[in-house]
Amino acid sequence: MSDMNLKKTISFICCVTNEALFKRCCAHIEQLYMPSGYQSEIVPVRGAVSMTAGYNSGMNQAVGQYKVYLHQDSFILNQSFLYDLLFIFQNNKNLGLFGVIGTRKLPFHGMWWLSDYKFKVGKIIEVRDTFKQTIFVDTTYMYEKVACIDGLLMVTQYDLTWPEEAITGWHFYDTAQSLQYAKEGYDVGVAHQSSPWVIHYCESSTMKGYYEALPAFQQWRKQLT
Numbered sequence: 001m002s003d004m005n006l007k008k009t010i011s012f013i014c015c016v017t018n019e020a021l022f023k024r025c026c027a028h029i030e031q032l033y034m035p036s037g038y039q040s041e042i043v044p045v046r047g048a049v050s051m052t053a054g055y056n057s058g059m060n061q062a063v064g065q066y067k068v069y070l071h072q073d074s075f076i077l078n079q080s081f082l083y084d085l086l087f088i089f090q091n092n093k094n095l096g097l098f099g100v101i102g103t104r105k106l107p108f109h110g111m112w113w114l115s116d117y118k119f120k121v122g123k124i125i126e127v128r129d130t131f132k133q134t135i136f137v138d139t140t141y142m143y144e145k146v147a148c149i150d151g152l153l154m155v156t157q158y159d160l161t162w163p164e165e166a167i168t169g170w171h172f173y174d175t176a177q178s179l180q181y182a183k184e185g186y187d188v189g190v191a192h193q194s195s196p197w198v199i200h201y202c203e204s205s206t207m208k209g210y211y212e213a214l215p216a217f218q219q220w221r222k223q224l225t
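Its first residue numbered 1, the sequence shown is counted upward by one per residue in full-length UniProt numbering.
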């Protein structure tokens, strides 16, 4: 058996609609320091009808226990990210899902970024028209338990099926999956970062898509509880 077959795999899953952005995303993944005994794989999903459907497809293709779901415009700056991932998960078996930004209290409407500032946790670098460092309340050691995380980067230790039948399109998939992990008894967390781990090249967007997706999410949320 080859050494490659003996190595454990960390899987990166990404829905791809822009090849130039995806290429840059991959370049940042490929520069990460690799822990001994591990290897990484990148699982692109093209032509997905929704984020949940795409992530289910990627999850079923991926071979790694640890899976990193990230946007094609999310670029990992922390070259020790894989070491941090292993340290966090191997020391916290009840942590099912973590990210880099989120909220400890989810508003009734489900839009986490509209929660009170005091509940927001984590940090990122955002690029819209300019570069902006977004910093909320810092985490405690390793991770801060939260109600939900943002979907720009979502890292899992255990697999749960994404709710593709109920959550269609490209909104609320992150909040829904956070709620599913919590319902199953797992912690959802925001990782401790001394400086932002990820730079997110956000496209300017309106709230129209969120409001259109909101009724379906709220109905699903009622059924979940």
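All residues carry an ideal CB built from backbone N, CA and C; glycine is no exception.
With distance defined between alpha-carbon atoms, name the residue in Lys208, Ile76 and Val190 nearest to Phe119.
Of Lys208, Ile76 and Val190, the residue nearest in Cα terms is Val190.
Label Tyr186 either buried or exposed according to how many other C-beta atoms from any shown protein chain fall within 10 Å of its C-beta, with 16 as the threshold for buried.
So Tyr186 ends up on the buried side.
Alpha carbon to alpha carbon, how far is Leu70 from Phe12?
Computed Cα separation, rounded: 7 Å.
Just mark Gln157 as buried or exposed, buried being the case when its beta carbon has 16 or more other beta carbons within 10 Å.
Buried.
Buried or exposed (CB count within 10 angstroms, at least 16 for buried), Met1
The predicted model places Met1 with a pLDDT of 39, which falls under 50 and marks its position as unreliable, so this point remains unresolved.
Which residue from Asp73, Gln133 and Met142 puts its Cα closest to that of Leu95?
Measuring C-alpha to C-alpha distances from Leu95 to each of Asp73, Gln133 and Met142 identifies Met142 as the nearest.
Can you give me the Cβ contacts of Ser80 inside the same chain, cut-off strictly under 7 Å, excluding the 5 residues immediately before and after it?
Correct list, in chain order: Tyr33.
Three-state secondary structure assigned by DSSP to Thr140
DSSP places Thr140 in coil when its eight states are reduced to three.
Could you tell me which uninterrupted beta strand (DSSP E) segments, each at least 3 residues in length, are contained entirely in the segment 72 to 132, listed from first to last along the chain?
Here the runs fully enclosed are 74 to 76, 95 to 99, 101 to 103 and 120 to 127.
DSSP three-state label for Lys23, please.
DSSP, reduced to helix, strand and coil, places Lys23 within a helical segment of the structure shown.
Strictly under 9 Å for the Cβ-Cβ distance: is Val198 near chain B by that measure?
Protein chain content of the structure displayed is limited to a single chain, and chain B is not contained in it.
Inter-stretch contact at 8 Å, needing at least 3 Cβ pairs: the segment 127 to 144 / the segment 162 to 171
No: the two stretches stay apart, fewer than three of their Cβ pairs being nearer than 8 Å.
For Tyr69, the residue or residues it bridges with in DSSP:
For Tyr69, which the question treats as bridged, DSSP gives the partners Ile13 and Met154.
Pick from Phe87, Glu41, Ala53 and Lys93: whose alpha carbon is nearest that of Val68?
For the set Phe87, Glu41, Ala53 and Lys93, the Cα lying nearest the Cα of Val68 is the one of Glu41.
Near Lys145, what residues of its chain come up, given a Cβ to Cβ distance below 6 Å and the 5 sequence neighbours on each side ignored?
In chain order, Asp187 and Gly189 place their CB closer than 6 Å to the CB of Lys145, counting only its own chain and leaving out the 5 sequence neighbours on each side.
Using only CA atoms, which one of Tyr211, Ile124, Leu86 and Lys8 lies nearest to Trp170?
When each option's Cα is compared against that of Trp170, the closest is Tyr211.
Three-state secondary structure (DSSP) at Thr134?
Correct three-state label for Thr134: strand.
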